[in-house]
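J.: Heads up, the sequence shown is in full-length UniProt numbering, so the first residue is 1 and it goes up one at a time. Before I ask anything, here is the structure I am working with.
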Amino acid sequence: MTTHYDVLIIGAGPAGLSAAIEMKSLAPHLNIGIIDEYLLAGGRLLGQLYEESKGQWWNGFRKSEELRQQIQQLNIDLFLEVSVYDLIIKDESVTFFTERGRMTSKYALIATGASEVPTPIEGWTLPGVMSVGAAQVMTNVHRVKPGKQGVIIGVNMLSSAIAMELALAEVNVKAMALPLYSIENEQHAIPKVIFKQVMAAAHMAPSLLAKLGSKILFTDHLKDFAIQFYPKKGIKMWGIPIYMRSAIKRIEGEGKVERVIMVDITTDGKEIPSTERAIPADFVCLSGGLTPLAELVSLAGVPFYAIEALGGHVPLHNEQMETPIPQIFVAGNVTGIEGAKVAMAQGRVAAQSILLRFNQSSKKQLQQRIAQVHEERRHAAIQFHPLLEQGREELYEKWKLEQSQ
């Protein structure tokens, strides 16, 4: 059995939901469907809760409820707990192979979001070890504490944001620290590199020292120098000590997590001998950040480029969220790692681009939506990489080059 739509959206996160609402609101006659493998629509919105500027709070779960209500009111078909395992493009249409059978559409928006990057470390297969995103979902979605006392391994924008959420839920996080340097986690384990990234986003930190440092330590030379004086006892943010001169060497326990072993390290991430000490814990969260979840886009034949500032390998696209494949559009974290508000704005841009194909929009409306993406990016509470803007420009230059050939 094959089900036909004008537009199919893969991914019911902030980008996908916002795109569907935009299209259906402006063109009610369009038949739009959304597919997602999770049991709730909302994607990463479901676990988000953090303080923005001027004391305002972003409640992702509440926002996802608002979007779900609009989807229902607009009679948009929403297929949850349905996986897409393949696609083909033929006769100017896209066919998706799903657990519910084949579903076809004239155009498709792929908004599959991002996945967490693992941080391999000795003992990481013990029960009680989880990704930091899993701890977020347990706490904020299911209202279950991941344990009595835990440690976060990995210092980055994702772990910092979720650490704050865990602290708000009164989850006892005893430490956040880097993993000990290894070939597998090289990019997550060098203090002077991580310190620069954290200082670039120090506006997140309620710690006065971090805020002061972000203004004083504004050159790479000073940042390299400052890490030498980072306190070995760490700096507390949200009551959680954040270590950058110490690292977690391994996780230990008999059949479950019972402790982590911490060691002192140099500014290059090398272990200082005879500095091992144990920190009791019954759960451990691993965080290597996020990377675009783009396998489905690759099946469509869209070319990819490795751009570190965007989180890894990203599909080639332009500001209109078009790809070189005319039937395929992209939006959200599949295009590069950013916050939910940017993803929502990108979803609306993709919607306008698709509506233009149906003669249901104008270039002026499209440009207005693109301007909103830039606005959301400028005011983003969380920026996952300090060179994000340069990464976007690099990708758009590659688009121009490919289109000129």
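The beta carbon of each residue, even a glycine, is placed where N, CA and C say it ideally should be.
#1: Determine the burial state of residue 399: buried for a count of at least 16 other Cβ atoms within 10 Å of its Cβ, exposed for fewer.
#2: Taking the alpha-carbon of residue 358 as reference, which of 11, 30 and 276 has the nearest alpha-carbon?
#3: State the beta-bridge partners of residue 103 as determined by DSSP.
#4: Could you give the uninterrupted runs of the alpha helix (DSSP H) lying entirely in the stretch 265-307, keeping only those of 4 residues or more?
#5: The alpha helix (DSSP H) spanning residue 369 covers which residue range?
#6: Could you check what DSSP says for residue 396 in three-state terms: helix, strand or coil?
#7: Below 8 angstroms between beta carbons: does that hold for residue 19 and residue 71?
#8: Beta-carbon within less than 6 angstroms of residue 33's beta-carbon, same chain only, minus the 5 sequence neighbours each way: which residues are those?
#9: Looking at the strands, I want to know which residues DSSP matches up with residue 118.
#10: Please name the residue or residues paired with residue 177 in a DSSP beta bridge.
#11: Measure the alpha-carbon distance for residue 348 versus residue 369 and round it to whole angstroms.
#12: Measuring CB atoms only, is the stretch 105-113 touching the stretch 293-303, in the sense that at least three cross pairs come out at less than 8 angstroms?
#13: Counting C-beta neighbours from all protein chains within 10 Å, is the total for residue 378 16 or more, i.e. buried, or is it exposed?
#14: Which residue from 27, 229, 401 and 161 puts its Cα closest to that of residue 60?
#15: Throw me the rounded Cβ distance for the residue 248 and residue 262 pair, which I believe falls under 8 angstroms.
#16: For residue 315, write down the residues that DSSP places opposite it in a beta bridge.
#17: For residue 86, collect the residues of the same chain with a Cβ closer than 8 angstroms to its Cβ; drop the 5 residues on either side in sequence, then sort them by chain order.
#18: Hey, quick one: how far does the beta strand (DSSP E) through residue 328 stretch, first residue to last?
#19: Measuring straight from C-alpha to C-alpha, what distance separates residue 163 and residue 330?
#20: At the level of alpha carbons, what is the spacing between residue 67 and residue 352?
#21: Indicate whether the contact test is met: 3 or more Cβ pairs, each with one atom in the stretch 379-389 and one in the stretch 332-339, closer than 8 angstroms.
#22: Do three or more CB pairs link the stretch 150-159 to the stretch 168-177 at distances below 8 angstroms?
#23: Report yes if the CB atom of residue 130 is closer than 8 angstroms to the CB atom of residue 194, and no otherwise.
#24: According to DSSP, which residues form a beta bridge with residue 86?
#25: Looking at residue 250: is its Cβ nearer than 8 angstroms to the Cβ of residue 281?
#26: What are the residues that DSSP puts in a beta bridge with residue 49?
#27: Rounded to a whole number of angstroms, what is the C-alpha to C-alpha distance between residue 106 and residue 326?
#28: Beta strand (DSSP E) containing residue 247: first to last residue?
#29: According to the Cβ coordinates, are residue 178 and residue 167 closer than 8 angstroms?
#30: Does residue 284 have its Cβ less than 8 angstroms from a Cβ in chain B?
#31: Under a three-way DSSP split, which group does residue 309 fall into?
#32: Out of 363, 288 and 11, which one is the CA nearest neighbour of residue 83?
#33: Leaving out five residues on either side along the sequence, give the residues of the same chain with a beta carbon under 7 angstroms from the beta carbon of residue 119.
#34: If the criterion is Cβ atoms closer than 8 angstroms, does the pair residue 315 and residue 342 meet it?
#35: Quick one: using the 10 Å Cβ neighbour count with 16 as the cut-off for buried, is residue 144 buried or exposed?
#36: Just reading off the beta strand (DSSP E) that residue 78 is part of, what are its end residues?
T.: The structure says:
#1: The residue in question, residue 399, is buried, as its Cβ has 16 or more Cβ neighbours within 10 Å.
#2: Ranking the options by Cα distance to residue 358, first place goes to 30.
#3: Beta-bridge pairing links residue 103 to 3 and 96.
#4: Qualifying alpha helix (DSSP H) stretches, in chain order: 295-299.
#5: Bounds of the alpha helix (DSSP H) holding residue 369 are 363-378.
#6: DSSP, reduced to helix, strand and coil, places residue 396 within a helical segment of the structure shown.
#7: Cβ atoms of residue 19 and residue 71: not closer than 8 angstroms.
#8: Only 5, 8 and 77 meet the Cβ criterion.
#9: For residue 118, DSSP records no beta bridge to any residue.
#10: According to DSSP, which records beta bridges pairwise, residue 177 is partnered with 153.
#11: Distance between the alpha carbons of residue 348 and residue 369: 7 angstroms.
#12: With the cut-off at 8 angstroms, the stretch 105-113 and the stretch 293-303 touch.
#13: Exposed, by the Cβ-count rule.
#14: Comparing Cα positions, the closest option is 161.
#15: Between residue 248 and residue 262 a beta carbon distance of about 6 angstroms is seen, short of the 8 angstroms cut, so the two are scored as contacting.
#16: Note: residue 315 sits in a beta bridge opposite 304.
#17: The beta carbon of residue 86 sits closer than 8 angstroms to those of 96, 97 and 299, all from its chain and outside the five residues before and after it, given in chain order.
#18: Run containing residue 328: 328-330, per the beta strand (DSSP E) assignment.
#19: Straight-line measurement puts the Cα of residue 330 at about 30 angstroms from the Cα of residue 163.
#20: In a straight line, the C-alpha of residue 67 is about 18 angstroms away from that of residue 352.
#21: Yes, since at least three Cβ pairs between the stretch 379-389 and the stretch 332-339 fall closer than 8 angstroms, the two stretches touch.
#22: Counting Cβ pairs under 8 angstroms, three or more are found: they touch.
#23: Not in contact: residue 130 and residue 194 (Cβ atoms no closer than 8 angstroms).
#24: According to DSSP, residue 86 shares a beta bridge with 97.
#25: No. Outside cutoff.
#26: Partner(s): 59.
#27: The C-alpha of residue 326 is placed about 10 angstroms away from the C-alpha of residue 106.
#28: That run of the beta strand (DSSP E) goes 240-252.
#29: Not in contact: residue 178 and residue 167 (Cβ atoms no closer than 8 angstroms).
#30: Here chain B cannot be found, since the structure has a single protein chain.
#31: Assigned with DSSP and collapsed to three states, residue 309 falls in helix.
#32: Answer by Cα proximity: 11.
#33: Around residue 119: 153, 154, 179, 185, 188, 286, 287 and 288.
#34: No. Outside cutoff.
#35: Residue 144 sits exposed, since fewer than 16 C-beta atoms from the chains shown fall within 10 Å of its C-beta.
#36: Residues 77-79.
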